[in-house]
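**Q**
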């Protein structure tokens, strides 16, 4: 974004290079002669599994224990409500991305429809979102490793995780797609297996070593569906929101996706099915097998379920699965942040060195930048006491920042509907409910912010988050002056050349 006439920060740059030259802007895509560009190497199976991997994150495996402890069985409704609201955000994003394929991410259409400042804030906040999420994943990885190696310093597995994640992303984007494909497949197989085993235990009336009997009655026989009252239900939204961050990840793969008009709608439309299967059904089974009061807030209920049943080997297998899930989420974060910084650099909103690609067309400098910031997770587990306290802090910050991204998507959609009704009429992938549904989701986001104020740990994180936007505002103003000086110098040079 060298001036207001250009398209905004792009997370993904077109194969033809540079700015996508979004509708309504004067900028044209640079020629392919500028050097190597990102490739469209992600096939339909990659996109589908990346979308699933984005919907099944560390928040489900690690955070659902605390959510169940706060809300009891009503946690089932918490995940259903959040999933339903975010489905409409994804449909709005899908319609916008497909309204013009020169949009490569939501940062593009935010810049085009709302202005370059919006693109700048959206691009850098999305980078920050995934850095914070990646730190949460690194913290969670340390907790999972402690299941086997409880006397080891937590910073050792955290540091090893960061090194491995950088190594996984250094090859081609196709290598990332393959890695994420198998990570996501492990998650799917594990959750389906958990559901099947759990249902068998329920129907057989399995009695655990603690004396608890597996039964669907566990959903309501200890205080009903809302045993912790209305405020307990509200508190469940705090951690549960983080379980859904990354659901928009499919939207950042647009520039490296084959046949986006076919593959993006398929991935987005499958979100409700994924939420019902991987969240709702899984949690129903978990609470049926393990009474909710016996589920520890600081442990994964997926692991606890098998441990209480006396299946130690199965618990180790599930712990390995949730470990790969956290690694998968952090892997996606490294990928998306490196591409976002690459796009920001291509538009002049980040140092130019981050806009360079390796011979295998990977933005290595941008990748290493994200890796360095992930070391924050290593520091947190090295100096912190409780895994779940550190996890709660960073997940709340991440959730608030992701809500900003989701809000920018919806505001962009509202402006799109007002300015370009002809594109909406021609769309084959219209958002259900249209503009009215945007305001329903806005109201829900306001409710979530209020929910974050109701607990001291999440309130603390909520109060810290505005500092990030203050930093961005200062950076934007500073870059504005730099941009003005550069434009003046270019104008003077042009006059000298003409003279």
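Residue numbers (our numbering): -5 to 493. C-beta: ideal position from N, C-alpha, C; glycine also.
1. Mind checking which residues open and close the alpha helix (DSSP H) that includes residue 118?
2. Tell me which same chain residues have a C-beta within less than 8 Å of the C-beta of residue 108, skipping the five on either side of it?
3. With a Cβ-Cβ cutoff of 8 Å, do residue 255 and residue 369 count as a contact?
4. What does the Cβ neighbour count give for residue 416, buried or exposed, with the cut at 16 atoms within 10 Å?
5. Just verifying my parser: in three-state terms, what is the DSSP assignment at residue 341?
6. Which one of 445, 390 and 453 has the shortest CA to CA distance from residue 123?
7. Please give me, in chain order, every unbroken run of the beta strand (DSSP E) with length at least 3 that falls completely inside the segment 155 to 229.
8. Starting from residue 430, trace the alpha helix (DSSP H) in both directions and tell me its first and last residue.
9. Going by beta carbon distance, what residues of the same chain come within less than 6 Å of residue 459, once the five residues before and after it are set aside?
10. Does residue 118 pass the burial test, meaning 16 or more other C-beta atoms within 10 Å, or should it be called exposed?
11. Between the Cα of residue 77 and the Cα atoms of 220, 175, 209 and 271, which residue gives the shortest distance?
12. Compare the beta carbon distance of residue 317 and residue 150 with 8 Å and say whether it is the shorter of the two.
13. Going by beta carbon distance, what residues of the same chain come within less than 6 Å of residue 273, once the five residues before and after it are set aside?
14. Would the segment 309 to 323 count as touching the segment 224 to 231 if we require 3 or more Cβ pairs under 8 Å?
15. Taking all protein chains shown into account, do 16 or more other C-beta atoms lie within 10 angstroms of the C-beta of residue 419, making it buried, or fewer, making it exposed?
16. Mapping the DSSP letters down to three states, classify residue 387 as helix, strand or coil.
17. Are residue 361 and residue 328 touching if we call contact CB-CB under 8 Å?
18. Assuming residue 152 and residue 372 make a contact with CB atoms under 8 Å, what is their CB distance in whole Å?
19. Does residue 404 come out as helix, strand or coil in the three-state DSSP assignment?
20. Measuring only the C-alpha atoms, how far is residue 83 from residue 377?
21. Based on Cα-Cα distance, which residue from 337, 430 and 209 lies nearest to residue 114?
22. What alpha helix (DSSP H) runs, 4 residues minimum, are completely inside the segment 52 to 89?
23. Let me know if residue 146 comes out buried or exposed under the rule of 16 or more other beta-carbons within 10 Å of its beta-carbon.
24. Taking DSSP as the reference, what is the three-state secondary structure of residue 284?
25. Hey, quick one: how far does the alpha helix (DSSP H) through residue 267 stretch, first residue to last?
26. Considering only residues of the same chain and omitting the five flanking positions on each side of residue 63, which have a CB-CB separation below 7 Å?
27. Sorted by chain position, which residues of the same chain lie with C-beta nearer than 6 Å to residue 262's C-beta, five sequence neighbours on each side aside?
28. From the DSSP output, in three-state form, read off residue 450 for me.
29. Am I right that residue 280 and residue 199 are in contact with their C-beta atoms under 8 Å? What's the rounded C-beta distance?
30. If contacts are defined as beta-carbon pairs under 8 Å, then residue 196 and residue 209 qualify, I think. What distance do you get, rounded to the angstrom?
31. Under 8 Å, Cβ to Cβ, is there at least one residue of chain C near residue 70?
32. Leaving out the 5 sequence neighbours to the left and right, which residues in its chain are closer than 7 Å to residue 448 when beta-carbon positions are compared?
33. Any idea what DSSP makes of residue 289, helix, strand or coil?
34. Quick one: give me the first and last residue of the alpha helix (DSSP H) that residue 415 is part of.
35. Could you name the residues of the same chain whose beta carbon sits closer than 6 Å to that of residue 142, not counting the 5 residues immediately before and after it, in chain order?
36. Whole angstroms are fine: how far does the CA of residue 341 sit from the CA of residue 70?
**A** For this structure:
1. 110 to 139
2. 402, 405, 406 and 409
3. no
4. exposed
5. Coil, per DSSP.
6. 390
7. none
8. Run containing residue 430: 428 to 446, per the alpha helix (DSSP H) assignment.
9. 391 and 394
10. buried
11. 271
12. Between residue 317 and residue 150, the CB-CB gap reaches or exceeds 8 Å.
13. 73
14. no
15. exposed
16. Helix at residue 387.
17. yes
18. By a beta-carbon distance limit of 8 Å, residue 152 contacts residue 372. Their separation comes to about 4 Å.
19. helix
20. So the alpha carbons of these two residues sit roughly 37 Å apart.
21. 337
22. 58 to 65
23. exposed
24. In the structure shown, residue 284 falls within a coil segment according to DSSP collapsed to helix, strand and coil.
25. 265 to 268
26. 289 and 291
27. 84 and 88
28. The answer is helix: DSSP assigns residue 450 an H, G or I state.
29. Going by Cβ atoms, the distance from residue 280 to residue 199 rounds to 17 Å, so no, they are not a contact pair.
30. 6 Å
31. Looking at the structure shown, chain C is missing, and only one protein chain is on hand.
32. 225, 228 and 229
33. coil
34. 415 to 420
35. none
36. In this structure, the CA atom of residue 70 is about 43 Å from the CA atom of residue 341.
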